[in-house]
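Numbering (the UniProt record's numbering), first residue to last: 1 to 491.
Where a beta carbon is used, it is the ideal one built from N, C-alpha and C, also for glycine.
Quick caveat: nothing in here was measured; it's all calculated off a predicted structure.
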């Protein structure tokens with residue numbers, strides 16, 4: 001039982017009244033979500049002139065991949081509809097849909113189409129216990145069969161560096177990832193996972209799979225709004241939340257009146273009902289970690305990527321000392337190795353089928369099942385991982401290898417800095433002349449002086465630039481190419 005369609009059918013039959021999804025407009029029970037999903041699946045089928053019931057339609061009669069753009073609720077609907085219809089979903093960012101679609105059309109060739117779903121209307125309130133709706137195990141027809149190794153989800157990579165690619169994940173990949181994630185951060189019936197990450201990224205979409213496997217509830221936010229997310233957490237109903245470091249920082253910056261801190265100016269302290277705050281999508285700095293832990297946040301630093309169907313390693317919240325880059329051990333079912341250059345490699349059931357090509361051939365981007373990540377790291381004797389940074393971000397300053405994350409982590413502690421990133425411009429003396437780009441009230445000279453005191457010579461920024469905001473993508477990752485361009489323009 002690995003597909004979303006199969007999981008939803010089972011939940012709708014056994015616990016039809018249980019809340020599957022919470023939205024700002026209302027709640028959907030598992031039964032209501034099943035009804036919505038099957039209606040949407042028929043719409044996709046009818047688009048290709050395959051009218052009839054789900055059981056009457058062969059999944060392989062449909063186009064292999066369906067690209068759909070939309071907000072969080074639309075993409076959640078699309079995930080279930082495509083699973084019932086037997087076609088893989090390629091979720092598109094509505095703000096960038098045309099460019100992403102052109103890339104996917106080139107990569108997928110004749111196997112991909114673009115569709116939209118009709119408006120569903122506002123969510124309806126779940127019936128109360130007094131409505132006397134009884135579970136009916138096995139009362140719903142099973143969705144049509146689909147191979148577990150068939151593509152289920154196509155995720156376009158961020159393209160923050162290099163040529164855009166698209167990751168093919170199978171039903172089995174997604175099921176393995178959900179099972180491993182739920183084993184590390186236990187999730188059960190009655191739990192609620194707050195999802196404010198974009199569903200066109202694997203981080204947001206993976207929460208659907210975890211919750212369906214566990215029978216838990218998704219608290220779906222259309223976008224990240226710090227005050228709204230905090231209100232949801234503070235309500236005492238949220239057990240799990242996924243955040244990027246940038247999102248966590250904005251939550252900690254909420255005014256006292258909005259955040260409910262213990263004293264004026266204090267960072268918000270979450271209720272004890274929040275058991276896990278999964279942090280990923282970008283590097284977590286030590287100052288931000290310490291600030292959040294001091295406020296009682298149950299931080300779980302993680303490491304993952306689209307190619308590993310989200311989490312690959314996660315450190316469970318702990319009061320023990322934390323080293324920057326520490327992401328704990330691998331999730332069950334994964335194995336890793338570190339090559340001579342320090343690059344991390346992964347293998348396991350949740351590792352992608354391969355990158356999308358016009359033939360849909362599996363294995364592209366893999367070597368004997370191993371995926372060479374873009375990250376440099378270390379693995380200790382206990383199997384604990386420390387992520388140093390991306391291999392393609394490495395700079396050479398004065399003949400010395402310098403990783404931006406090492407410099408950023410030190411400069412982040414400078415008073416008056418709220419956000420910082422380090423890049424370089426070409427220089428005849430230094431090779432890569434380091435440029436620190438920051439947001440905050442500090443003066444550029446104070447940042448330079450802090451660097452002189454805290455950093456070795458090769459790691460000291462030679463130029464410092466203050467900006468209103470850093471170029472980040474929707475997941476909070478620094479857009480390194482845009483950062484370099486910003487530094488170059490300022491010279």
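Could you give the residue range of the alpha helix (DSSP H) that holds residue 286? 286-294
Checking 8 Å against the spacing of the C-beta atoms, do residue 482 and residue 435 come in under that value? no
Using a threshold of 8 Å, state whether the C-beta atoms of residue 440 and residue 222 are closer than that. no
From residue 456 to residue 305, what distance separates their C-alpha atoms? 32 Å
Less than 8 Å separating the beta-carbons of residue 431 and residue 397? yes
Does the region 93-110 come close enough to the region 204-218 that 3 or more CB-CB pairs lie under 8 Å? no
Could you tell me the boundaries of the alpha helix (DSSP H) in which residue 210 lies? 202-214
By the three-class DSSP mapping on this structure, what secondary structure does residue 131 have? Interpretation of residue 131 is limited by its pLDDT of 42, a score under 50 that renders its predicted location unreliable; the figure taken from the coordinates is listed afterwards. Three-state DSSP puts residue 131 in a helix.
Residue range of the alpha helix (DSSP H) that residue 454 falls in? 444-454
Output the distance between the C-alpha atoms of residue 295 and residue 327, rounded to the nearest integer angstrom. 20 Å
So does the region 365-378 actually touch the region 285-302, counting three or more Cβ pairs closer than 8 Å? no
Contact belief for residue 164 with residue 157 at Cβ below 8 Å, rounded distance in angstroms: 6 Å
Contact set for residue 489: own chain, Cβ-Cβ below 6 Å, skip 5 residues either direction: none
Does the structure place the region 314-332 close enough to the region 273-292 that three or more beta carbon pairs sit under 8 Å? yes
Measure the C-alpha to C-alpha separation of residue 462 and residue 316 and round it to an integer number of angstroms. 38 Å
Rank 6, 29 and 302 by C-alpha distance to the C-alpha of residue 218 and give the top, closest one. 29
Is it the case that the Cβ atoms of residue 423 and residue 385 are separated by a distance below 8 Å? no
Please look up how many angstroms separate the CB atoms of residue 527 and residue 111, rounded, as I've assumed it's under 8 Å. The requested residue 527 is not part of the displayed model; the chain covers only 1 to 491.
Rounded to the nearest angstrom, what separates residue 43 and residue 394 at their Cα positions? 48 Å
Along the chain, where does the alpha helix (DSSP H) that runs through residue 77 open and close? 72-85
Just the C-alpha distance for residue 119 and residue 66, rounded to the nearest angstrom, thanks. 18 Å
Buried or exposed: which applies to residue 192, given that a residue is buried once 16 or more other Cβ atoms fall within 10 Å of its Cβ? buried
In the DSSP output, which residue or residues are listed as bridge partners for residue 367? 370
Contact belief for residue 279 with residue 248 at Cβ below 8 Å, rounded distance in angstroms: 6 Å
At the level of alpha carbons, what is the spacing between residue 187 and residue 32? 22 Å
Sort out for me which residues DSSP pairs residue 240 with in a bridge. 193 and 276
Residue 475 to residue 83, Cα distance in whole Å? 25 Å
Quick check on the burial criterion: 16 or more other C-beta atoms within 10 angstroms. Buried or exposed for residue 38? buried
Kindly list the residues whose CB is nearer than 6 Å to the CB of residue 236, restricted to its own chain and excluding five residues on each side of it in sequence; keep chain order. 271 and 273
Could you tell me if residue 239 is buried or exposed, where buried requires 16 or more neighbouring beta carbons within 10 angstroms of its beta carbon? buried
What are the residues that DSSP puts in a beta bridge with residue 400? 397
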